[in-house]
Amino acid sequence: MHAQLEILLEMQDLRSQRAALAEQDLGRVESELFDIEPDEAVLRIDEKLGELEDRLDTGVRNRYDRLKGARDRMVVPVVGGICYGCFMAVPTAWASDIERNEGLDVCDNCGCFLYHLD
Ligand SMILES: [Zn+2]
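Here my numbering is used: position 61 in the sequence shown is 63, and no number is missing along the way.
Here you go:
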C-alpha cells in the first residue's frame, strides 16, 4: 500500500476515535474507572494526528486540510468501481488496476482519497 495512503487511513481512524470520545458523555461515568482521563485521551490523539500530518507530502497535506473541514471521511473505499464518497463511478482503469493502492488516487468528483476494495 502507498505509504501516504497508510498514513491517511491511520489518521482517519484516529479522527473517528476522537469523534467517538467526544460524543460519549464520559462525564457521567466515574472517572476512576479509567486508566486515562478522556480529556487526556483526546489530547494524545491530537498529538498523534499532528505527528502524522507532518509526515504527509505537501500536496497530500493541502488536500487533506481542505477535506477535513468539509467531510467526516476523506479516505473512502472504491467498491465495484464506485467511489463511496460520492457514489459515482471512478475510471475503470483504476477499478481494475492490479497494483491497487500502490498509488494515491483521488476521486475526480468529490476529491476524496480512494482506496480500493474487491
Ligand atoms: Zn467520489
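No residue lacks a Cβ here, since even glycine has one placed at the ideal position from N, Cα and C.
A quick note: this is a predicted structure, and the numbers were derived from the prediction, not measured.
Exercise for review: Provide the residue span of the alpha helix (DSSP H) that contains VAL62, from first to last.
Suggested key: In the sequence shown, counting from the first residue as 1, residue 62 sits at position 60. Run containing VAL62: 60-72, per the alpha helix (DSSP H) assignment.
**Study point:** Validate contact between the stretch 76-87 and the stretch 36-49 using beta carbons, cut 8 Å, 3 pairs
**Key:** Cβ pair count under 8 Å is below three, so no.
Check your understanding: Any heavy atom of ligand 1 within a distance shorter than 7 Å of the CB on ASN111?
Key -> Start at 1 with the first residue of the sequence shown, and residue 111 comes out as number 109. Indeed, a heavy atom of ligand 1 lies less than 7 Å from the Cβ.
Review point. For LEU7, which residues of its own chain have a beta-carbon under 8 Å away from its beta-carbon, when the five flanking residues on both sides are left out?
Key: Counting from one through the sequence shown, the residue named residue 7 turns up at place 5. The residues are VAL77, ASN103, LEU106, PHE115, TYR117.
Check your understanding: Does the distance from the CB of LEU54 to the CB of ILE9 come in under 8 Å?
Key -> Taking the sequence shown and counting its residues from 1, the one referred to as residue 54 is at position 52. Taking the sequence shown and counting its residues from 1, the one referred to as residue 9 is at position 7. Contact flag set, yes.
Review point. Quick one, are the C-beta atoms of LEU16 and ILE47 less than 8 Å apart?
Key: For this step, residue 16 is matched to residue 14 along the sequence shown. For this step, residue 47 is matched to residue 45 along the sequence shown. The Cβ-Cβ distance between LEU16 and ILE47 falls below 8 Å.
Check your understanding: Would a C-beta distance cut-off of 8 Å place VAL92 and VAL80 closer than the cut-off?
Key -> The residue you call residue 92 lines up with position 90 of the sequence shown. The residue you call residue 80 lines up with position 78 of the sequence shown. For VAL92 and VAL80, yes; Cβs fall inside 8 Å.
Practice item. Could you check the C-alpha separation between HIS4 and LEU35 for me, to the nearest Å? Key: Indexing the sequence shown from 1 puts residue 4 at position 2. Indexing the sequence shown from 1 puts residue 35 at position 33. In a straight line, the C-alpha of HIS4 is about 40 Å away from that of LEU35.
**Study point:** Nearest-angstrom Cα separation, counted from GLN26 out to VAL108
**Key:** Start at 1 with the first residue of the sequence shown, and residue 108 comes out as number 106. Start at 1 with the first residue of the sequence shown, and residue 26 comes out as number 24. Per the coordinates, the alpha-carbon of VAL108 lies some 33 Å from the alpha-carbon of GLN26.
Review point. Could you give the residue range of the alpha helix (DSSP H) that holds VAL44?
Key: Taking the first residue of the sequence shown as position 1, residue 44 is located at position 42. VAL44 -> alpha helix (DSSP H) spans 40-56.
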